[in-house]
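Okay, structure first, notes after.
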Amino acid sequence: MKKRLFVFSLPVLFLSLFLTPIFSGNALAQDTIKLGIAGPHSGDLASYGIPSIKAAELVVKEINAKGGVLGKQVELLVEDDVCKPELATNTATKLVSKGVHVVLGHVCSGATKAALGIYKDAKVIAMSPSATNPALTQAGEFPNFYRTIAADDEQAKLEVHFAINKLKAKNIAVIHDKGDYGKGLAEYAKKFVEEGKQANVVLFEGITPGAVDYSAIVQKIKQSKADTVIYGGYHPEASSIIMLMRKKKMKTNFVSADGVKDDTFIKVAGKSAEGVYATGPKDVSKNPMAITYNEAHKKAHGADPGAFFLNAVAATQALLNAIQKAGSTDAAAVAKVLQGQDVDTPLGKIKFDKKGDAIGVGFSVYQVKKGVFVELK
Amino acid sequence: MDYFLELFVGGLTRGSIYALIALGYTMVYGIIQLINFAHGEIYMIGAFTALIVSSVLAMYGMEGISVLIISTVLAVMYSAAYGFTVEKIAYKPLRQAPRLSPLISAIGMSIFLQNYVLLAQTSDFLPFPSLIPEIDLPERYQHIIGSSELVIVSVTALVMIGLTIFIKFTKIGKAMRATAQDRSMAMLLGVNVNRVISNTFILGSALAAIGGVLIASHVGRINFYIGFIAGIKAFTTAVLGGIGSIPGAVLGGLVLGWTESFATGYISSDYEDVFSFVLLVVILIFKPTGLLGKTLVQKV
């Protein structure tokens, strides 16, 4: 038995020999700005995390070529959390023990939440390109957290704002598909309508996705005398409902979110889709900086960038810019710059509010006009 | 009152569709005591055939009621062929096997057909043209009943009457009833039982195809998965009305359609399915064989 243990430990010993110089090499390079990158880099959700690494690499390469930040080169510390909250705490601990100054990440909301406590204790600022759970910033639990993506409830807020101010809605029917996404959105919409006190929620109901027919709920919407429907859910059910509504000659406004902003919706609903409103991420494809970075990614990797790429570019720029302007890596000083000064990013000029949400990043309202979604300014 | 009538018509339409699909379940069960889970898929294939045929016809510039008739006829033929083939491949070899085996092969057939359509066509939702022409009814009634509801309800009623006459008064109908009562006795008396079973599948599939075309045209979209939910609902309908009973399928469809429609309209659509299944449970507690089902004498 003992002998066997020895045999097993041999390769481990060899491995550790190879590993030692790498770690010590890191420890020796003291004089760098350490940017941690945490997110899923393997597993099912790797496609959400890897674009962030690519984005940071591109930005850092550019900044280092210009002399770095505060005269120091920026070094990337990449750690995988596989989007799992239980691993994310390890990832965060590892980054902190390596002396990370700021962190780009994490990517998934659950993993981000688990890791933030550790960064908070270590006084490290973390900025996520993709964690959309509203509570992360709004609960006020993590003053060290920022993000360059709008929270889930932003769409609901925009929908309600648009319905009340632009469509002059007085009676709103909120319909959802009982799923996490749809119901979540619908509940926020209901809350914002009720808080605003300018309109009433006359109907709040869930429908069964995939049902044979939705005529009963359409009759009910009609009966409720709603002038606007806010729908939380995906396009298949939305197209059925809007088609039945138009068939019954109802002129009720139909407002929905990015689950419906899909070309299939227009294809299926055809003429009935005309005039439907849907919120969706702001169109940044014409921003010159976004074009530059997308091209740079294509040149370096031969493919279009993946999810949240531009959000990650913006986050890296915002973090490094803040360190530069603050003149130190001290969390309080960096936070002051993040909240006080605009920074130019592919998402436009952004800065952050007290809670950590980016101002100027978010969603627009689109309307179907002649068979395409057109952004309403 | 108008609201009540609107919900009533909505429930009637929905119930008619359930009934059309449930008839196939009930007829097959009546004859070989098999729950044909692939039946919902036959309905879906009917809808897809109609979509393809109507798109081709539209390319040649045809429109109006003739498109509806031609695509329905072709969908019926195609689905009937599928029903016939499914029976020959998946159920006939298992005729003497324990009752669970054909049940499993029915589930297998259902999965196979779903995935076949998924691969051969697409996983996306497809727009289905509204084949039933929009006729504007008088202003007073327009919001209560549209032309597609009218067509669905009247087609279902016609099919029911036709089916009853067929089973009561034709020779094939008589053979079907004989097989349903006692298969081996019918065989001994010279009824070609295999042919009767094939006929039943063909008839049931044809009815499902009619249902498929009508509902797809009413709802306006289809994908490979519509057969599953429709199948579950139709199965519930058949059980509710008394599986094996043809008038029972119709009654079950209407009861289910109205329950769903009124529950949504007067209580909440969140619990649409809850109400229909609570009703099912209550009815089965008091009438274990369904509304019009007869207690089967245990065959030895």
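Those sequence lines, one after another, are chains A and B.
For the first sequence, the positions run 2 to 378 when the numbering used here is used.
For the second sequence, the positions run -11 to 288 when the numbering used here is used.
Every residue gets a Cβ at the ideal spot worked out from N, C-alpha and C, and that includes glycine.
Here the structure is a predicted model, which means the values were calculated and not measured.
Taking 4 residues as the minimum length, the alpha helix (DSSP H) runs contained wholly in the segment 78 to 137 of chain A are 86 to 98, 110 to 122, in order along the chain. Against chain A, the beta carbon of residue 115 of chain B has neighbours under 7 Å at 268, 269, 271, listed in chain order. The Cβ of residue 360 of chain A sits no closer than 8 Å to any Cβ of chain B. With fewer than 16 other Cβ atoms from the protein chains shown falling within 10 Å of its own Cβ, residue 360 of chain A counts as exposed.
DSSP lists A:176, A:257 as the bridge partner or partners of residue 232 of chain A. For residue 43 of chain A, the secondary structure class from DSSP, reduced to helix, strand or coil, is coil.
Judged by DSSP in its simplified three-state form, residue 199 of chain A adopts coil rather than helix or strand. Secondary structure remark: continuous beta strand (DSSP E) runs of at least 3 residues inside the segment 237 to 299 of chain A, in chain order: 254 to 257, 278 to 282. Here DSSP, grouped into helix, strand and coil, assigns residue 252 of chain B to helix. In chain order, 249 make up the part of chain A whose C-beta sits under 7 Å from the C-beta of residue 131 of chain B. Counting C-beta pairs closer than 8 Å gives fewer than three between the segment 114 to 129 of chain A and the segment 153 to 166 of chain A, which falls short of the contact rule. Under the Cβ distance rule, residue 76 of chain B does not count among the residues neighbouring chain A, no pair being separated by less than 8 Å. Looking only at A:42, A:38, A:56, the smallest Cα-Cα distance to residue 305 of chain A is reached by A:56.
Listed in chain order, the non-local C-beta contacts of residue 123 of chain A below 7 Å within the same chain comprise 97, local neighbours out to five positions each way being set aside. Beta-bridge pairing by DSSP links residue 33 of chain A to A:74.
Within the same chain, 40, 41, 84, 108, 109, 131, 307, 308, 309 come within 8 Å of residue 49 of chain A by CB-CB distance, once the 5 residues on both sides are set aside.
Rounded to whole angstroms, residue 276 of chain B and residue 122 of chain B show a C-alpha spacing of 43 Å. Contact of residue 170 of chain B with chain A is not assigned, every C-beta pair being separated by 8 Å or more. Inclusion of residue 114 of chain B and residue 33 of chain B in the CB contact set at 8 Å is not warranted, their separation being larger than that value. According to DSSP, residue 324 of chain A shares a beta bridge with no other residue. Straight across, the Cα-Cα distance linking residue 202 of chain A with residue 218 of chain A is about 16 Å. Taking a beta-carbon distance threshold of 8 Å, residue 143 of chain B does not count as an interface residue toward chain A. Secondary structure note for residue 82 of chain B: it is in no beta strand (DSSP E), with a DSSP letter that is neither H nor E.
When the five nearest sequence neighbours on each side are left out, the beta carbons in the same chain lying within less than 6 Å of the beta carbon of residue 161 of chain B are those of 154, 155, in order along the chain.
In terms of Cα proximity to residue 246 of chain A, the closest of A:260, A:300, A:214 is A:214. Residue-level contact check: residue 260 of chain B touches chain A, since one or more beta carbons of chain A fall below 8 Å from its beta carbon. In terms of CA proximity to residue 7 of chain B, B:27 leads the group B:19, B:27, B:51. Per DSSP, residue 351 of chain A is one residue of the beta strand (DSSP E) stretching across 349 to 353. The beta-carbon of residue 263 of chain A is placed no less than 8 Å from the nearest beta-carbon of chain B. If you draw a straight line from the Cα of residue 278 of chain B to the Cα of residue 240 of chain B, it is about 9 Å long.
When B:208, B:94, B:170, B:224 are compared, the shortest CA-CA separation from residue 19 of chain B is found for B:170. The segment 271 to 287 of chain A makes no contact with the segment 332 to 342 of chain A: fewer than 3 CB pairs, one atom from each, lie closer than 8 Å. The contact set of residue 128 of chain A on chain B, defined by CB atoms closer than 8 Å, is empty, because the minimum CB distance reaches about 37 Å. Relative to the Cα of residue 283 of chain A, the nearest Cα in the group A:322, A:377, A:34, A:355 belongs to A:377. Interface with chain A (8 Å Cβ-Cβ cutoff): residue 228 of chain B is excluded. Linking residue 78 of chain A to residue 105 of chain A through their CA atoms gives a straight-line distance of about 10 Å.
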